[in-house]
Amino acid sequence: MRVIDTHTHIVPTGNAAPDGDERWPVLVERDDFAADVLIAGRPFRTVSRTAYDLDYRAAHLAPGQMQVLSPMPELFSYWGETQAAADYCTSTNEWIAAGVKKFPHAFRGFGIAAMQDPDTACAQLAEIAALGLSGVEIGSNISGNALHDARYAEFFDEATRLGLVVFIHAFHPPGIGSFSDPMAGNGVTFPNEIGQAIGGLIAEGVLERFSNLKLLASHGGGSLISLLPRLRFIAANYEGARVLMPRDPADYAQKIYFDLLVFSAPLLNLLIGNVGVGRIVVGSDKPFMNHEPLALLDHFPHVSSAMIESIRWGNAERLLGL
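If you read the sequence shown in my numbering, its first letter stands for residue 68, the second for the next number, and so on.
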């Protein structure tokens with residue numbers, strides 16, 4: 068079965084702290100099947116071999132499947148000094164690009180950029196495109212700064228010019244540290260975080276200004292689906308908001324691509340009803356989530372086989388320019 072999974076993660080081998088700071092994530096293999104990601108010398112996450120061995124990963128992909136590789140979000144390291152961050156990003160991007168080149172039928176890739184310095188990140192987009200990567204993955208906030216902040220306008224402009232996908236991944240949501248279990252915190256905060264990030268790009272007029280931006284939202288856009296009716300009311304009744312959103316807010320949402328990582332067939336049905344089948348792509352969060360999101364499509368007998376195929380691979384093919 069042909070499938071293009073737009074939301075999968077990797078952790079490169081060989082990345083070292085570019086300036087000697089131990090806070091940079093580094094991978095240390097523990098045996099033939101797993102490795103530890105160390106941050107400040109302490110284990111942050113144990114990952115399976117699939118996360119860092121692309122030969123192994125490609126060999127175990129089902130026939131007809133393609134994955135878009137993006138870095139584990141903790142690799143963003145937005146706390147780092149600019150030049151060190153740029154070097155770390157470049158090393159990561161080159162590693163992904165080498166894997167894509169070696170296994171062109173199995174992989175495509177998204178790079179990362181030093182978003183703590185928008186000018187540097189903007190310059191790195193040309194490098195990402197030159198490496199043959201399909202886009203760039205960024206956090207839903209940059210060290211607490213919202214993506215709709217004016218400082219990132221040139222970044223979105225350059226990504227639009229280069230035709231790169233901007234994959235927005237929920238990252239370090241406020242309040243996540245208050246949870247005793249990190250995954251429980253993930254469950255509560257990630258949907259709200261990604262919804263606010265995408266909603267902010269709509270409400271502040273970023274998507275009005277960059278109407279041709281190729282935007283991919285992780286986690287089905289999170290709470291965005293519940294924000295649209297309220298945004299519609301506000302845009303229709305308040306002049307200041309109407310200036311920023313001269314069109315129906317749902318129109319902007321219908322230009323975004325969303326992965327189907329929502330864990331609920333009714334919720335996916337609601338998302339499809341608002342943005343259309345043509346904006347839904349497969350996203351699994353592999354290898355970090357033991358979940359098969361394609362199973363949700365079994366709950367849509369009323370959707371034609373052609374539409375199901377568009378979700379499985381056709382929409383992603385268009386998004387990635389394949």
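By construction, the Cβ of each residue, glycine as well, lies at the ideal position given by its N, Cα and C atoms.
Owing to the predicted nature of the structure, the values given are computational and were not obtained by experimental measurement.
| Asked | Found |
| --- | --- |
| 7 Å Cβ shell around A23 - same chain, five flanking residues per side excluded | Given that the chain is displayed from residue 68 to residue 389, the structure contains no residue 23 and the question cannot be resolved. |
| Sub-8 Å separation of I269 and A320 beta-carbons | yes |
| Buried versus exposed call for F100 [16 or more other C-beta atoms within 10 Å across all chains shown] | exposed |
| Beta-carbon separation (whole angstroms), W162 vs G81, contact threshold 8 Å | 7 Å |
| Integer Cβ distance of I71 from M133, believed to fall under 8 Å | 5 Å |
| Alpha-carbon to alpha-carbon, P171 and R124 | 13 Å |
| CB of G199 within 8 Å of CB of K168, strictly | yes |
| Three-state secondary structure assigned by DSSP to T187 | helix |
| Endpoints, beta strand (DSSP E) assigned at P110 | 109-115 |
| Cβ-Cβ distance between E89 and F111 below 8 Å | no |
| Touching by the beta-carbon criterion (3+ pairs, under 8 Å), the stretch 295-315 and the stretch 249-261 | no |
| Where A284 falls: helix, strand or coil (DSSP) | strand |
| Cβ shell of L364 (< 7 Å), same chain only, five flanking positions each side left out | I375, I378 |
| Counted within 10 angstroms of its Cβ, other Cβ atoms place D184 as buried (16 or more) or exposed | buried |
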